[in-house]
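**Student:** I have a structure here, written as structure tokens, and I will follow up with some questions on it.
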Amino acid sequence: MLAKRIIPCLDVRDGQVVKGVQFRNHEIIGDIVPLARRYAQEGADELVFYDITASSDGRVVDKSWVAKVAEVIDIPFCVAGGIRSTEDAAAILNFGADKISVNSPALADPSLITRLADRFGVQCIVVGIDTWHDEETGNYHVYQFTGDEKRTVATTWNTLDWVKEAQKRGAGEIVLNMMNQDGVRNGYDLVQLAKVREVCQVPLIASGGAGQIDHFRDAFLKTNVDGALAASVFHKQIINIGELKHELARAGIIVRTQEL
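In the working numbering, the protein residues as written are 5 to 264.
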């Protein structure tokens with residue numbers, strides 16, 4: 005059985021790491037490279053970087069910091085932000101990223117997923133999905149351009165249908181960003197994760213809502229996700245990654261631990 009992954013998420017805007025609540029009201033956390041180094045040293049399995057305004061601004065992620073991150077960490081990392089072509093992806097991978105993630109551009113042109121998978125292999129291609137739970141109807145909807153609140157729009161996609169479509173197109177991994185839970189630290193949406201797990205045949209990463217160690221444990225044990233992504237609990241040092249992994253191992257969850 006593969007080890008479960010702990011993945012710090014670094015939202016990037018204007019060259020700095022930021023964090024919001026439900027994708028809004030972002031505060032500056034710090035510089036990209038020192039945070040990346042710290043998480044690698046703490047025992048993160050990989051890192052994810054989202055340039056949160058690249059798609060809404062119509063540009064590609066700034067590759068200068070991608071190269072700097074590659075120089076200081078020895079764990080895999082994934083980069084997202086305005087990737088609209090195989091050329092965009094190739095440049096980011098050439099600067100040292102191990103994976104690229106597409107979100108809004110894939111919604112605009114689903115064939116992008118296939119072109120990327122054909123060129124680089126499915127193992128390199130992550131599809132991020134920003135999903136909102138409509139509590140009145142009980143439905144899950146996919147949103148686009150969530151990095152800019154003035155441009156954020158609901159798509160016509162139901163979340164489960166888009167998960168299926170993304171896989172069919174060649175997604176090698178799905179990151180489910182649960183917008184209702186983002187930054188509020190009251191736990192992952194286990195009901196939604198379980199529903200998505202039923203239709204997701206590729207690795208599934210939970211994102212949005214982690215506030216304490218039990219939340220990670222519940223996501224792994226109750227929904228069988230492959231990884232758990234979190235931001236604020238790591239940025240604000242509420243949870244140490246090494247301690248988190250120790251507690252997960254005590255609960256019988258297979259995780260990679262650092263050699264002493």
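C-beta: ideal position from N, C-alpha, C; glycine also.
1. Between the segment 143–160 and the segment 92–104, do at least 3 Cβ pairs fall closer than 8 Å?
2. CB alanine 101 to CB cysteine 82, shorter than 8 Å?
3. In chain order, what residues of the same chain have a beta carbon less than 7 Å from the beta carbon of phenylalanine 220, not counting five sequence neighbours either side?
4. From the DSSP output, in three-state form, read off arginine 123 for me.
5. So, for threonine 135: in the same chain, excluding its five sequence neighbours on each side, which residues have a beta-carbon less than 8 Å away from its beta-carbon?
6. For asparagine 107, name the three-state secondary structure that DSSP assigns.
7. Measure the Cβ-Cβ separation of valine 64 and alanine 71 and say whether it is below 8 Å.
8. Cβ atoms of valine 206 and glutamine 171: under 8 Å apart, would you say?
9. Glutamine 185: which of Phe53, Ser236, Trp69, Ala121 sits nearest, CA to CA?
10. Mind checking which residues open and close the alpha helix (DSSP H) that includes phenylalanine 224?
11. Considering Cα atoms alone, identify which of Ile133, Thr118, Pro38 is closest to valine 126.
12. How long is the line joining the alpha carbons of aspartate 78 and aspartate 15, rounded to whole angstroms?
13. To the nearest angstrom, how far is the alpha carbon of leucine 264 from that of alanine 7?
14. Excluding the 5 residues preceding and the 5 following arginine 88 in the sequence, name in chain order all residues of the same chain whose CB lies nearer than 6 Å to its CB.
15. Can you tell me whether glycine 246 is helix, strand or coil according to DSSP?
16. Could you give the residue range of the beta strand (DSSP E) that holds leucine 194?
17. At what residues does the alpha helix (DSSP H) containing arginine 173 begin and finish?
18. According to the neighbour-count rule (16 or more other Cβ atoms, all chains shown, within 10 Å of its Cβ), is isoleucine 104 buried or exposed?
**Tutor:** Reading it off the structure:
1. No: fewer than three Cβ pairs fall under 8 Å.
2. As a first step, residue 101 is located in the sequence shown; it is residue number 97 there, counting from the start. As a first step, residue 82 is located in the sequence shown; it is residue number 78 there, counting from the start. Cysteine 82 sits close to alanine 101, with the two beta carbons spaced by under 8 Å.
3. The residue you call residue 220 lines up with position 216 of the sequence shown. Same-chain partners within the cutoff: Ala214, Ala232, Leu248, Leu252.
4. Counting from 1 along the sequence shown, the entry for residue 123 is found at position 119. In the displayed model, arginine 123 falls within a helix according to three-state DSSP.
5. What you label residue 135 is simply residue 131 of the sequence shown in a count that begins at 1. Same-chain partners within the cutoff: Tyr144, His145, Val146, Tyr147, Thr163, Leu180, Asn181, Met182, Met183, Gln196.
6. Locating residue 107 in the sequence shown gives position 103, counting from the first residue. The three-state secondary structure of asparagine 107, taken from DSSP, is coil.
7. Start at 1 with the first residue of the sequence shown, and residue 64 comes out as number 60. Start at 1 with the first residue of the sequence shown, and residue 71 comes out as number 67. Not in contact: valine 64 and alanine 71 (Cβ atoms no closer than 8 Å).
8. The residue labelled residue 171 in the question sits at position 167 within the sequence shown. The residue labelled residue 206 in the question sits at position 202 within the sequence shown. Taking 8 Å as the Cβ cut-off, glutamine 171 and valine 206 qualify as a contacting pair.
9. One-based indexing of the sequence shown puts residue 185 at position 181. Comparing C-alpha distances from glutamine 185 to each of Phe53, Ser236, Trp69, Ala121 shows the shortest one belongs to Ser236.
10. Indexing the sequence shown from 1 puts residue 224 at position 220. 217–227 is the extent of the alpha helix (DSSP H) around phenylalanine 224.
11. On the sequence shown, residue 126 is found 122 positions in, with the first residue counted as 1. Closest in alpha carbon position to valine 126, among Ile133, Thr118, Pro38, is Thr118.
12. Numbered from its first residue, the sequence shown carries residue 78 at position 74. Numbered from its first residue, the sequence shown carries residue 15 at position 11. Spanning the alpha carbons of aspartate 78 and aspartate 15 requires a straight line of approximately 20 Å.
13. The residue you call residue 264 lines up with position 260 of the sequence shown. The residue you call residue 7 lines up with position 3 of the sequence shown. Low per-residue confidence applies at leucine 264: pLDDT is 39, beneath 50, and the placement is therefore not dependable, though the value from the model is reported in the following sentence. Cα-Cα distance, rounded: 19 Å.
14. To locate residue 88, count along the sequence shown from 1; it is residue 84. Excluding the 5 residues flanking it on each side, arginine 88 has same chain C-beta neighbours closer than 6 Å at Pro109, in chain order.
15. Along the sequence shown, read from residue 1 onward, the residue named residue 246 stands at position 242. Looking at glycine 246 - three-state DSSP - the assignment turns out to be helix.
16. As a position in the sequence shown, residue 194 is number 190, starting the count at 1. No beta strand (DSSP E) contains leucine 194, which is instead part of the alpha helix (DSSP H) from 194–203.
17. Counted from its first residue, the sequence shown places residue 173 at position 169. Start and end: 163–173.
18. Along the sequence shown, read from residue 1 onward, the residue named residue 104 stands at position 100. Buried, since its Cβ has 16 or more Cβ neighbours within 10 Å.
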